[in-house]
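J.: If you're matching positions, the sequence shown starts at 4 in my numbering and goes up one per residue. Every residue, glycine too, gets a C-beta built ideally from N, C-alpha and C.
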Amino acid sequence: MLRETQSTLDSTTSAEVFYNKGEISFSIMNSWEYKFVVVKRIKIYTKEGYSQANVQLPYYIGERNPDKETLSNIKGSVYYEKDGKIEKEELEESDIFDVDLSEFWKAKKFTLPKVQDGVILQYSYSIDSPHISKLSNWIFQNSTPTRYSEYKTSIPIDYLAYNVRTKGYYPFETIDKVKKGSLYVKYEGTNLDTPIREIIYVGTNLPKIENEPYVNKISNYFPSVGYELSSYKNRLLEPFKVVSITWDDVVKTLSETDTYKKEISRTRYFKNDLNSILKDKSLPKDKMIAVFNFVKNKMTWNDEERRFTSNKLNKIYDEGVGNSADINIMLTAMLREANLDANPVLSSTISNGIPLFPTISGLNYVFTNVNIKGEIYLLDATDEFASPNILPSRALNWKGTLIKPDGFQALDIFPSTNSLKKYQVKAELNTQGEISGFCRIISRDQYGWESRRSLNNKSEDEKRMNYENYFSIDQMSDIKTKNLKAPSKPLVEEFNFSGKAKLVEKIGDKLYVSPMLFLKLKENPFKGETRIYPVDITFPRNLEYVISLKIPEGYKVDYLPKKGILKLGDGVAKLTYLIEVYNNLILVKVNHEVNVALFLPQDYSLLREFYISLMNKENEKIVLVKS
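1. Could you name the residues that DSSP lists as bridge partners for Trp-250?
2. Tell me, which residues are paired with Ala-164 by DSSP?
3. Between which two residues does the beta strand (DSSP E) carrying Lys-483 extend?
4. With C-beta atoms as the reference, is Ile-476 less than 7 Å away from Glu-463?
5. Buried or exposed for Ser-132, please, with buried defined as at least 16 other CB atoms from any protein chain shown within 10 angstroms of its CB.
6. What is the C-beta distance between Ala-600 and Ile-540, in whole angstroms, given that I count them as a contact (C-beta under 8 Å)?
7. What are the boundary residues of the alpha helix (DSSP H) that includes Ser-457?
8. Which term fits Ala-345, buried or exposed, when burial requires 16 or more other beta carbons within 10 angstroms of its beta carbon?
9. What distance in whole Å lies between the Cβ atoms of Pro-198 and Lys-183, which are believed to be in contact at a cut-off of 8 Å?
10. Relative to the C-alpha of Ile-406, which candidate in Phe-521, Ser-457 and Ser-258 has its C-alpha closest?
11. Verify whether the separation of the beta carbon atoms of Pro-347 and Val-373 is less than 7 Å.
12. Could you compute how far the alpha carbon of Phe-529 sits from the alpha carbon of Arg-611?
13. Thinking C-beta only, is Arg-168 closer than 7 Å to Phe-360?
14. Take every Cβ of the region 210 to 220, pair it with every Cβ of the region 375 to 382, and state whether three or more of those distances are shorter than 8 Å.
15. For Pro-159, count neighbouring C-beta atoms within 10 Å of its own C-beta (all shown protein chains included) and say buried if the count is 16 or more, exposed if not.
16. Roughly how many angstroms lie between the CA atoms of Asn-460 and Phe-542, to the nearest whole one?
17. With H, G and I counted as helix, E and B as strand and the rest as coil, what does DSSP make of Asn-76?
18. In angstroms, rounded to a whole number, what distance separates the CA positions of Pro-234 and Ala-413?
19. Hey, quick one: how far does the alpha helix (DSSP H) through Tyr-473 stretch, first residue to last?
20. Per DSSP, what kind of secondary structure is Tyr-558 in: helix, strand or coil?
21. In terms of alpha-carbon separation, which member of Phe-21, Ala-341 and Gly-572 lies closest to Phe-143?
22. List in chain order: all unbroken beta strand (DSSP E) runs of 3+ residues lying wholly within the region 25 to 104.
23. Give the DSSP-derived three-state secondary structure of Arg-310 in the structure shown.
24. Cutting at 7 Å between CB atoms, please list the residues of its own chain near Phe-474, excluding the five before and the five after it.
25. Around the Cβ of Ala-489, are there at least 16 other Cβ atoms within 10 angstroms (buried) or fewer (exposed)?
26. Applying the 10 Å Cβ sphere with the 16-neighbour rule, what's the burial state of Tyr-562?
27. Taking the alpha carbon of Tyr-63 as the point to measure from, which residue in Ala-56, Thr-73, Ser-54 and Asn-57 has its own alpha carbon closest?
28. If we ignore side chains and look at the alpha-carbon of each, how far apart do Asn-472 and Phe-500 end up?
29. Starting from Trp-304, follow its DSSP beta bridges and name the residues at the other end.
30. Indicate whether Asp-448 and Ser-422 have their beta-carbon atoms separated by less than 7 Å.
31. What's the gap between the Cα of Ser-439 and the Cα of Asn-619?
32. Do Gly-451 and Gln-478 have their C-beta atoms closer together than 7 Å?
33. Pick out whichever of Asp-120, Gln-125 and Lys-71 has its Cα sitting closest to the Cα of Leu-94.
34. Is it the case that the region 379 to 388 contacts the region 424 to 433, given that we only count it when at least three CB pairs across the two stretches are under 8 Å?
35. Does the Cβ of Ile-568 have 16 or more other Cβ atoms within 10 Å, making it buried, or fewer, making it exposed?
36. Decide if the region 99 to 107 is in contact with the region 11 to 20; the criterion is three or more beta carbon pairs, one per stretch, under 8 Å apart.
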């Protein structure tokens, strides 16, 4: 293996995981605990793979000592060949450092020594964790090719039961058997005989996962195994205590916590402010908007995505800073006190992954649902640019769980209406192929949220550079932005432009002009002939282009692209392309709509062909000749 100069799985890769094994076993110390032991070997082929020697191992410390995990037994070696012999360089304990990742997380960090082309890195470690409710996930495949990956769990089935969740697009082998075993109980100083369910998962010859356009989070599709505790007991003869098996169990467990039982019902701390907010409001929607805007303005999000409140909400309210649960549970409580039908929605952010099965730990975010006479509004007061039914993009992760006093229901989080971005361009072309004019961009809904986030706190020079780079325009001036801080209104961007555009080509006496000027699609986002993962564009959309181009004096139209309509399927995507000449003006109107947010892999070839046709249409040229 040391003499291999390239991977048998991928000749272009700079590194390859030869071996990766994780093993979990259980014991009862002061309480239940599991030990997670990992051994990993990586082959380095070229300099680009040297970063594999930089290792960071996170572990949880929590707020209380009983929550703390312990990471220990770190060992590392580098194997290399010298004068025909295999040599080994060991990791020194003094080269291992502790780093703080956040308030609740730390990591052990080290760099393996003597890294060079051809070496094999090996390191191992163990984590002792009291958090048996959710075992460490095992990911078989990632951005590095993997030759062998194994995950083994040994569960004392007389005491613990787990829901096992697997996902991913590449298969792995499963060996599941029950054998005799024992469970160590520290406080009794004994080993209890108990059947052990041993499950071994093996993945072999796994190619690297490469990101594709419009994937909300590539790790959502990594082949992986996860365990979530469904029931347990501490003594052999006592009954099992159910933790989570179904969504009913999950919601019941959450509903009994302080966040969803006490904090959502407390009102005294905000009553005076609420009365002031609502003193001239009688309509339910006006009340909702007033309370929503008040909480957005009063509270500052600390960037923590949480499903539980961090403290008593009266303290959070006074401090004015909180996590997502603090702010949106507070919002829900205030809306309820205003006699509105408001309830929390538990979900998982895009960065946290998609909870495909009943889970508590897989939910990390809270926002608010309001029902006004059957009309549903989704509210998230953590973001200054959010508005009713316009959530931050981090929250647009397929589905949520609406928790009501009498139960729960699944909630589709995908936006139900198309967001709009409209471009209005008035331009003039001269005989030298130079274009000048005015552009207005109107953005609504999710497009408005995206653009506001992008433009916020940008100077005029920064905006100019962004526009010039994005649109490939030489010169811009008179840049204006309207309604930046008013998310309930359309965002309006305006600028003047001029310069020798790449959109016009002069050959002899003819000018060849792109009808959509600098607004045409630059490249097909779907280049690959096949697709492994769904195409997730986050929200359905309409792109409208209204362009008028003045023909230079002494020229006339020799060729005009034909009008046309392109459709994908039954209209899930559609391009309407209209163009005509009126006196000395060329008028172009293009509407590109995509009416769904998610395309499955089996629909990819049709989507790709649609975009190929769309780009071919946009690339057609107007031909002008001297009259």
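T.: According to the structure shown:
1. For Trp-250, which the question treats as bridged, DSSP gives no partner whatsoever.
2. Ser-234
3. 478 to 485
4. no
5. buried
6. 6 Å
7. 448 to 458
8. buried
9. 7 Å
10. Ser-258
11. no
12. 6 Å
13. yes
14. no
15. buried
16. 25 Å
17. strand
18. For the sequence presented, residue 234 should be read as Ser rather than Pro. Whole-angstrom Cα-Cα distance: 24 Å.
19. 463 to 474
20. strand
21. Phe-21
22. 35 to 47, 57 to 63, 73 to 85, 88 to 93 and 100 to 103
23. coil
24. Phe-521
25. exposed
26. exposed
27. Thr-73
28. 13 Å
29. Gly-325
30. yes
31. 25 Å
32. no
33. Gln-125
34. no
35. exposed
36. no
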